[in-house]
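> Supplied in structure tokens, the structure appears directly below.
Chains as they are written, first to last, in this note's numbering: chain A, 1 to 201; chain B, 202 to 402; chain C, 403 to 603.
Here's what the structure looks like:
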């Protein structure tokens, strides 16, 4: 199995968990949790596919995605508070997930003939829109607009990935490098509590 | 006139009313009420059509839908608090509405070649997304994620409908049976105050 | 350069500013401001293009739009509170912007064969949906549903524009007349504090 595909599925699983857990904190029922998990995991790719006019939408053509997301529901439910002990693991896989979503989204956009700026934007949309929809449905001001270097990490990863394409870096090396950059930026920014400057009202 | 089409229009009308009334409670003006009524009534079908890449979007191709929705605005405005006396009637037609939306959405998805799982999901999306958008625009945590067996009734109805197709049940009987199942589940769950278990945070 | 195109770009710039400023008041960081500015400026046109199945989406095919929006971020950041001194100018250009968005959206919808009612709806969607998404992301009940004759001005402008087309008014005159009607209605309604009646709950 393709390693990118596998990591994409793991990212999907971890994204779904993040949605289900926020739903639980928002006092939703199991169905609400499943839906929030679903839209968190597939929201970004869906908006990207609609904007690109790429049909069928990825998760509608490959049942593996819905299955992985559905599996996240009992998993999160059964693990309960124990998941707090794995917050570092979840953080790592969430970050690998946004790296995968960025790369896959960007490759798809480039294959549709978009210029690098647009393709990077599509990569970032793939990575962050699911979380934004999750936060809106749970009535939070979207997290990524308030703190943490998150989307910025995706954008910088997109730049690295594009440069890698330009110098004909072997694909696997380029994937590795891009993912490394995104993980490093996000990890350092969380450890050092770095954040972007606030806007002045 | 096709009975399914007629019930679909009645469902559209009742959905619009539910949106307009929530808008009124959220202190919106008449225009806000009309828009919320509109998106409540057509939101689910629109998202389904976009996901399926089915154009033109249903309500853009058949003016009857916008007309029915527009008619709901003065109707709700003139009825005012008197509508509270008809809450049981509204409940019944709202439930018939989600049954129609589920069936129509599922048939459409199957005609686009989706598998039964995906088609059931599309049926449920048709039935519930309008209400979710309504609640988000009115700054409520979407009702269906918090209480009431609602989307679950649609999903179970979708299963029944699919089984009916598999055993070649005559269409009208299948419609009737599916609608009956959805109405029964929802009515019983409301009467007995049944709800899905909450997630643990 | 086409005057309509120029005014459309100015409208885009001013819409982006309105998004960035609301993001700043919502305590977002610079990235959040950029995103909110972006979706405010392109949200309406994007939803219109998706509904019409018009691809590529306008801003994905013409880099001028993203560039104008990106330029609004440092501009708003650097101007800061000084922008309060220009609220009348911003108001005028915002109103010219909704007039342009209405006209362009309506022309596009008519070119796709939609009837006048639908085309007017598409014009209004082009003009107001970006602001609605902005407000939802910033957790406000959308402004246009609560006060001010705003969308109504677009709708009346759409009627005028359509009548102008029917009597074969020269395009430029029709643009001017429609824009004049929209500006007049909105300006008068703000000056006289006119608003639509509230719904009764």
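For glycine and all other residues, C-beta sits at the position ideal for the given N, C-alpha and C.
1) Identify each residue in the stretch 309-340 of chain B for which the Cβ-Cβ distance to at least one residue of chain C is less than 8 Å, and report them in chain order.
2) Helix, strand or coil for residue 451/C, going by three-state DSSP, please let me know.
3) Residue 249/B: which of 310/B, 215/B, 298/B and 240/B sits nearest, CA to CA?
4) Thinking C-alpha only, which one of 565/C, 558/C and 433/C is nearest residue 500/C?
5) What would DSSP say about residue 399/B, mapped onto helix, strand or coil?
6) Just to confirm, are residue 531/C and residue 136/A a CB contact at a threshold of 8 Å?
7) Below 8 Å between beta carbons: does that hold for residue 33/A and residue 68/A?
8) Are the beta-carbon atoms of residue 400/B and residue 29/A separated by less than 8 Å?
9) Quick one: what does DSSP say residue 230/B is sitting in, helix, strand or coil?
10) Beta carbons nearer than 8 Å to chain C: which residues of the stretch 220-233 of chain B have them?
11) Do residue 106/A and residue 462/C have their C-beta atoms within less than 8 Å of each other?
12) Just confirm the distance between the C-beta atoms of residue 243/B and residue 266/B, as a whole number of angstroms; I'd bet it's less than 8 Å.
13) Are any of the Cβ atoms in chain B nearer than 8 Å to that of residue 588/C?
14) Identify whether residue 129/A lies in helix, strand or coil by the three-state DSSP scheme.
15) Who are the neighbours of residue 236/B on chain C, taking C-beta pairs under 7 Å?
16) Listing by chain order, which chain C residues have their CB less than 8 Å from the CB of residue 258/B?
17) What in chain A is Cβ-close to residue 352/B, meaning under 7 Å?
18) Would you mind reading off the limits of the alpha helix (DSSP H) that contains residue 363/B?
19) Could you name the residues of chain C that residue 400/B contacts, counting a contact when the two beta carbons are closer than 9 Å?
20) Checking 8 Å against the spacing of the C-beta atoms, do residue 196/A and residue 149/A come in under that value?
21) Taking residue 227/A as the query, report the chain B residues whose CB atoms sit under 8 Å from its CB, ordered along the chain.
22) Note the first and the last residue of the continuous alpha helix (DSSP H) segment covering residue 496/C.
23) Note down, in chain order, each residue of its chain lying with its Cβ closer than 7 Å to the Cβ of residue 424/C, except the 5 sequence neighbours on either side.
24) I want to verify the contact list: residues of chain C whose CB lies under 8 Å from the CB of residue 189/A, in sequence order.
25) Output, in sequence order along the chain, the residues in the stretch 60-77 of chain A whose CB is closer than 8 Å to any CB in chain B.
26) Specify, as a first and last residue, the run of the alpha helix (DSSP H) that residue 480/C falls within.
27) Against chain B, does residue 409/C count as a neighbour if the rule is that its beta carbon must be under 8 Å from one of theirs?
28) Mind reading off the beta-carbon distance from residue 381/B to residue 355/B? Whole number of angstroms is fine, and I expect it under 8 Å.
29) Exposed or buried, what is residue 11/A when buried is set at 16 or more other beta-carbons lying within 10 Å of its beta-carbon?
30) Taking the continuous alpha helix (DSSP H) assigned at residue 340/B, which residues delimit it?
31) Label residue 407/C either buried or exposed according to how many other C-beta atoms from any shown protein chain fall within 10 Å of its C-beta, with 16 as the threshold for buried.
32) Starting from residue 191/A, follow the alpha helix (DSSP H) in both directions and report where the run begins and ends.
So, from the listed chains and residues:
1) 337, 338, 339 and 340
2) helix
3) 310/B
4) 558/C
5) strand
6) no
7) no
8) yes
9) strand
10) 221, 222, 224, 225, 226, 227, 228, 229, 230, 231, 232 and 233
11) no
12) 7 Å
13) no
14) helix
15) 547
16) 453
17) 31
18) 352-367
19) Within 9 Å Cβ-Cβ: nothing; residue 400/B doesn't reach chain C, min ~23 Å.
20) yes
21) Past the edges of chain A, shown from 1 to 201, lies residue 227/A, and the structure says nothing about it.
22) 489-513
23) 438, 536 and 540
24) Within 8 Å Cβ-Cβ: nothing; residue 189/A doesn't reach chain C, min ~12 Å.
25) 60, 63, 66, 76 and 77
26) 466-481
27) no
28) That pair is no contact at about 14 Å.
29) buried
30) Residue 340/B -> no alpha helix (DSSP H), and no H or E assigned at all.
31) exposed
32) 171-191
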